[in-house]
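Worksheet for the structure shown next.
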Amino acid sequence: MNINSVNAYACKLRLLYKQALPCAEANGECGTSVEWQNIFLNFIFVSFHLKCFYSSSQRHGYCTLGEAFNRLDFSSAIQDIRRFNYVVKLLQLIAKSQLTSLSGAAQKNYFNILDKIVRKVMEDQYNPRLIKDLLQDLSSTLCILIRGVGKSVLVGNINIWICRLETILLWQQQLKNLQMNKQVNNGLTLSDLPLHMLNNILYRFSDGWDIITLGQVTPTLYMLSEDRQLWKKLCQYHFAEKQFCRHLIPSEKGHIDWKLMYFALQKYYPIKEQYGDTLHFCRHCSILFWKDTGHPCTASDPDTCLMPVSPQHFIDLFKF
Ligand SMILES: [Zn+2]
1053 MNINSVNAYA CKLRLLYKQA LPCAEANGEC GTSVEWQNIF LNFIFVSFHL
1103 KCFYSSSQRH GYCTLGEAFN RLDFSSAIQD IRRFNYVVKL LQLIAKSQLT
1153 SLSGAAQKNY FNILDKIVRK VMEDQYNPRL IKDLLQDLSS TLCILIRGVG
1203 KSVLVGNINI WICRLETILL WQQQLKNLQM NKQVNNGLTL SDLPLHMLNN
1253 ILYRFSDGWD IITLGQVTPT LYMLSEDRQL WKKLCQYHFA EKQFCRHLIP
1303 SEKGHIDWKL MYFALQKYYP IKEQYGDTLH FCRHCSILFW KDTGHPCTAS
1353 DPDTCLMPVS PQHFIDLFKF
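Taking this note's numbering, the leading residue of the sequence shown gets 1053, the next gets one more, and so forth.
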C-alpha cells in the first residue's frame, strides 16, 4: 500500500460511510451507525500514521532513526576529525531520549560506534570531555530504564542491557584515569607565541570549557582566559540580549560577571552548535549526505536546495 492508495481508500470509505448513515438511521440500526463510525475513525487514524510514515520516509529515504543510523556509516565518520563532534552529539541526544526507539540491530550498531569512539579517545586523547558527557547521559538513562524494566519499552534482553551498563561504567573509569601524554617537542610551543596571537586563539573558541581548560596550561594563558571582554563576546555569540537581561549577574566590583553569566545562561538556553562538517539534506534529491562529501545533485541550482541538519534536527526527522 502506498500513499496514493491510502488516500483513495479514505475517499471511498468516507463515501460509503455517508451513504450508510441515513439508511441505518432510517432502519433504526443505531448500532450499525456506531460501528461504521468506529471503522471510519480507525481508518483515519491508520491512514494518518501511514501518511506520516510515507511522507517522512520519502523525505529523506529512511523509515526509522535506526535505519538511517545504520546506513549513514557513522562508524567511518568518527575517523574524520571534522565529523567526530557531530556523531558524538548525535549519540548523546539518542542516549537522552531515543534509546528505546532503536531496533536490536540499531542498538548493536550504536554500541559498536560508541566502542570505537572510546578506543579512539583513549588512543589519541582527542576531546575526552565530550565523550565523558555522553557516557554520563547514557549511564543515567540506562539506570532509569533498567530500574523501571517492565514499565518502559526496552528492546532486548535485560541481561544484555546490564552488561552494556557495566561496560559503560568501566569506560567511565578508564577515561577518569586517562593520563595525557606530555608532548616532547623541541620546536615552537604554544607558550612561545606572542600575547596577541594567544589572545586570538582564545577568541576563536566557542565553548567556555575549552577556554577554561586552555587557561590551565600556563599562567599567561590563565590571565588571558579570565578577560571579561572574552567572556562577553562569548555570551554575545551564543545568546540574545533579551536573555542577558533576565539573568544579569553582577561581580563584587559592580561589573557584570560575563564568565558566570555564560555558564548560567547555558543552563536556560541552548548554545550555538559548531561542527567542522554536518549532515545536509537536499530538498530536490531527498537525500541526506555529509557536506564535505557532497552528492551528485540534479537540481539546476543545488545551493538553494541544501539545508544543514543539526544532530537534534536529524532526530526530529524521525518523530511522527
Ligand atoms: Zn540534490
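Ideal Cβ positions, reconstructed from N, Cα and C, are used throughout, including at glycine.
Ranked by Cα distance from L1242, the options L1186, A1316, T1270, Y1255 are led by T1270.
The beta carbon of E1218 sits closer than 7 Å to none of the beta carbons in its chain outside the five residues before and after it. For F1257, no alpha helix (DSSP H) run applies, since DSSP gives it neither H nor E. In the structure shown, the three-state DSSP call for V1139 is helix.
By the Cβ rule, the stretch 1131-1138 counts as touching the stretch 1172-1185, because three or more pairs are nearer than 8 Å. Counting along the chain, M1359 sits inside the beta strand (DSSP E) bounded by residues 1358-1361.
A Cβ-Cβ contact shorter than 8 Å links K1168 with I1130. Looking from the CA of S1303, the closest CA among M1313, Q1295, C1297, Q1231 belongs to M1313. For the stretch 1225-1290, the continuous alpha helix (DSSP H) assignments of 4+ residues that do not extend past its boundaries occur at 1247-1255, 1260-1267, 1271-1277, 1280-1290, in sequence order.
Contact check for L1151 against L1186 fails: the beta carbons are separated by 8 Å or more. Under the 8 Å Cβ criterion, the stretch 1225-1234 does not count as touching the stretch 1242-1258, having fewer than three qualifying pairs. The continuous alpha helix (DSSP H) containing L1117 extends over residues 1117-1123. Nearest to L1273 by alpha-carbon distance, out of P1246, T1345, V1236, is P1246. The alpha-carbon of I1367 is positioned some 25 Å away from that of R1199. Separation of the CB atoms of A1147 and L1190 is rounded to 4 Å, and the pair is thereby assigned contact status at 8 Å. Nearest in C-alpha terms to C1195, of all of I1214, G1306, K1311, is I1214.
Counted as a single uninterrupted DSSP element, the alpha helix (DSSP H) harbouring I1165 occupies residues 1156-1176. Under DSSP, L1340 shares a beta bridge with F1333.
If the five residues before and after D1262 are omitted, its C-beta is found closer than 6 Å to no C-beta atom of its own chain.
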